[in-house]
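Visitor: For reference, each letter of the sequence shown is one residue, going 1074 to 1240 in our numbering.
Let me begin by handing over the structure; questions about it come next.
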Amino acid sequence: MTGAAKRIGLEVLGWTLLILGVAAIFLPGPGLLGIFAGLALLSQQYDWAEKRVEPVRLRAMLGAAESVETWPRIVASCLGAVVLAACGVLWIMKPPAPDWWPVSDAWWLPGGVWTGVTQVASAFIAIGLIIYSYRRFHGHPEKADELRRDIKARGRTAEERTVAADS
């Protein structure tokens, strides 16, 4: 693959992951993971993306650490993943609309089989991330505190740059 083709391929993949990551914040899926992956690829080409990779990584890791701090959070996360997988299976099976469904049958489980497939895939990714977070952060509150300090320090550094630029 030539240098230009590789650059274009990485750029297209980076923008795709970034857009899908932003969409996955509102839709089922690992939003921050997609945003981070897209920014990581785009950071090879753009300075603005390189500046945003580390803050997004730190926030994603803090979210992972906080998600396994207590058993209710772990259980809620696992139940959320199971419900997401169950909804995906329902979408894949596509049963007929129930009698109580108030709108046209065309609006029952829109998106077809691929919506279900992405929901099930997102559930598996979620379970994998829960396991990763549990193994890395559960029982280690100092790791979450370290991430909070890093985020705060990066915020102070950004403020100092802004003050210096204004002077």
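We treat Cβ as the ideally placed atom computed from N, Cα and C, and that holds for glycine.
In this structure, how does DSSP classify W1187 when only helix, strand and coil are distinguished?
Guide: Taking the first residue of the sequence shown as 1, we reach residue 1187 at position 114. In this structure, W1187 counts as helix in the three-state DSSP scheme.
Visitor: Are the beta-carbon atoms of L1115 and V1129 separated by less than 8 Å?
Guide: Working through the sequence shown from its first residue, we reach residue 1115 at position 42. Working through the sequence shown from its first residue, we reach residue 1129 at position 56. Not a contact, by the Cβ cut-off of 8 Å.
Visitor: Within the chosen definition, does the segment 1172-1187 reach the segment 1196-1211 through at least 3 CB pairs nearer than 8 Å?
Guide: no
Visitor: Can you tell which of S1177, A1154, W1187, V1095 has the C-alpha that lies nearest to the C-alpha of I1165?
Guide: Counting from one through the sequence shown, the residue named residue 1165 turns up at place 92. Nearest of S1177, A1154, W1187, V1095 to I1165, Cα basis: W1187.
Visitor: For E1084, does the three-state DSSP call read helix, strand or coil?
Guide: Along the sequence shown, one-based indexing puts residue 1084 at 11. If DSSP states are grouped into helix, strand and coil, E1084 belongs with the helices.
Visitor: Tell me whether G1201 is buried or exposed, calling it buried when 16 or more other Cβ atoms sit within 10 Å of its Cβ.
Guide: Residue mapping note: residue 1201 aligns to position 128 of the sequence shown, counting from 1. Result: exposed.
Visitor: State yes or no: is the C-beta of A1154 within less than 8 Å of the C-beta of I1203?
Guide: Locating residue 1154 in the sequence shown gives position 81, counting from the first residue. Locating residue 1203 in the sequence shown gives position 130, counting from the first residue. For A1154 and I1203, yes; Cβs fall inside 8 Å.
Visitor: Distance, Cα to Cα, R1254 vs R1125?
Guide: A question about residue 1254 goes unanswered here, because the residues of the chain that appear run from 1074 up to 1240.
Visitor: Mind checking whether G1212 and V1190 have CB atoms under 8 Å apart?
Guide: Within the sequence shown, residue 1212 is the residue found at index 139, counting from 1. Within the sequence shown, residue 1190 is the residue found at index 117, counting from 1. Not closer than 8 Å, so no.
Visitor: What span of residues does the alpha helix (DSSP H) with A1170 cover, start to end?
Guide: Your numbering for residue 1170 matches position 97 in the sequence shown. Note, A1170: premise wrong, no alpha helix (DSSP H); not H, not E.
Visitor: Whose C-beta lies closer than 7 Å to the C-beta of A1122 among residues of the same chain, with five residues either side of it excluded?
Guide: Position 49 of the sequence shown, counted from the first residue, corresponds to residue 1122. Non-local C-beta neighbours of A1122 in its own chain, meaning closer than 7 Å and more than five positions away in sequence, comprise L1112, L1115, S1116, ordered along the chain.
Visitor: Taking C-beta to C-beta, are A1149 and V1193 nearer than 8 Å?
Guide: If you number the sequence shown from 1, residue 1149 lands on position 76. If you number the sequence shown from 1, residue 1193 lands on position 120. Contact: no.
Visitor: My parser needs the alpha helix (DSSP H) runs of 4 or more residues fully inside the segment 1105-1178; what are they?
Guide: 1120-1140, 1144-1166
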